[in-house]
Amino acid sequence: MDEAVLDFTGVEKRFGRRSAPVLVATSFSLASGELLTVRGGNGAGKSTLVRLAAGFLRPTSGRVVRRFDRFGFAPDRLVPVARLTARSYLRRLAAMGESPAVSLACAIELVDALGLQPGVDVPLALLSRGNLRKVVLAQALMRPVGLVIMDEPLSGLDEEACAAVVRVVRERLAGGQAFLVASHHASFDELGAVLELVASGPDPDAGTGAHVVLLGRPLPGRTPGRRQRGGLEYEVADSELQTFLKAALAADCEVRRVAASTERGEA
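Residue numbering for the sequence shown follows numbering that gives the first Met the number 0, starting at 0 and increasing by one per position.
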């Protein structure tokens, strides 16, 4: 049996001493040539687990052991740099490792296979979300590393591109690469095991929520926070924001402020 490239043993993660844990007693082992799909609803901790595996976060308790020197990483989002084309972006990343020309050629081949439109010489800022995803996947897969970590790799892709990603992953597994994939899609299920996560607390990567200030009477069925210059504060989950605002307008409330909870401040 191949030695594990990644081990989680009793891992717990909290974002604050008094906060509820995002992950609780999470354990698994991933060996060369294996794939593990991590699944769960919003707030279940998928993105947190991915970042723990990559070493971007440290566990509150438990142990994460990595047995690889290099890994590929495909984040769940990419903030495009103005005027930088997909080719230039991939060339810069390829130059950070060994055999940059080979890595760049591999990345270009991958985006072609995924159907990047309108092409690698278009600025990233002009690409759609799905096409940005193709560039992210190409940079994660351009090198023959021992482990590839992908966060929602199929999000925003059409059926043909999804099938192409699964095909590439299947080929890489046969070559001995290991994959840790956070995804709500079932496309990878036949390629490996599935780890189901259940939400036990707020996951900072699942959405910030919204801070809303309304002028008028308290909204029926909702408990406001403190008053602010004549307005009432409400903390609203991202998934409930649209419904909340419709209810506020229907109740003749004036919406004075809507901001991400991390941007909270006086209106």
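C-beta atoms are modelled at their ideal positions from N, C-alpha and C, and glycine is treated no differently.
This one's a predicted model, so the numbers in the text were calculated from it and none came from an experiment.
Exposure of residue i, with buried meaning 16 or more beta-carbon neighbours within 10 Å
i: Thr242; result: exposed
i: Arg171; result: buried
i: Ala249; result: exposed
i: Asp188; result: exposed
i: Gly96; result: exposed
i: Phe355; result: With the chain running from 0 to 266 in the structure shown, residue 355 is simply not present.
i: Ala205; result: Bear in mind that the predicted position of Ala205 carries a pLDDT of just 48, short of 50, making it too unreliable to give a figure here.
i: Ala43; result: buried
i: Gln116; result: exposed
i: Gly54; result: exposed
i: Ala160; result: buried
Near the ligand SAM: residue i beta-carbon under 7 Å from a heavy atom
i: Asp6; result: Annotation note on the ligand SAM: not contained in the displayed structure, which lists no ligands.
Other residues of its chain near residue i: CB distance less than 8 Å, five sequence neighbours each side excluded
i: Ala163; result: Ala112, Leu113, Gly114
i: Ala268; result: With the chain covering 0 to 266 only, the question about residue 268 has no answer from this structure.
Nearest residue (CA-CA) to residue i, options the options
i: Phe178; options: Glu97, Val121, Phe14, Glu33; result: Glu33
i: Gly26; options: Ala246, Leu56, Leu196, Val135; result: A quick correction: the sequence has Ser, not Gly, at residue 26. Answer by Cα proximity: Leu196.
i: Ser98; options: Thr84, Leu77, Val144, Gly118; result: Val144
i: Ala73; options: Val235, Asp120, Arg142; result: Arg142
i: Val254; options: Val235, Ala246, Leu240, Leu214; result: Leu214
i: Thr59; options: Ser87, Ala30, Arg17; result: Arg17
i: Val168; options: Leu140, Arg50, Thr84, Glu158; result: Leu140
i: His183; options: Glu158, Val211, Leu22, Ser154; result: Ser154
i: Leu194; options: Val49, Arg13, Gly118, Glu2; result: Val49
i: Gln138; options: Val110, Arg57, Arg13; result: Val110
Local conformation of residue i per DSSP, three classes
i: Ala185; result: coil
i: Glu2; result: coil
i: Val212; result: strand
i: Glu234; result: strand
i: Pro99; result: helix
i: Ala250; result: coil
i: Leu140; result: helix
i: Val134; result: helix
i: Phe7; result: strand
i: Phe242; result: Looking at the sequence shown, residue 242 is not Phe but Thr. Residue state, collapsed to three classes: helix.
i: Gly71; result: strand
i: Ala163; result: helix
Close-in-space but distant-in-sequence residues of the same chain around residue i (CB under 7 Å, 5 per side omitted)
i: Thr8; result: Ser26, Gly61, Arg62
i: Gly15; result: none
i: Gly175; result: Ser31, Gly32
i: Asp251; result: Gly215
i: Gly230; result: Val212, Leu213, Leu214, Arg255, Ala266
i: Ala247; result: Leu213, Leu218, Val254
i: Leu22; result: Val10, Glu11, Lys12, Gly44, Thr47, Leu48
Neighbourhood of residue i by C-beta distance below 6 Å, restricted to the same chain and skipping five residues each side
i: Val180; result: Thr36, Met149, Phe187
i: His66; result: The sequence given here has Arg at residue 66, not His. These residues qualify, in order along the chain: Val4.
i: Asp75; result: Asp150, Glu151
i: Val135; result: Ala73, Leu77
Chain C contact for residue i (CB, 8 Å cutoff)
i: Asp68; result: Among the chains in the structure shown there is no chain C, since it carries only a single protein chain.
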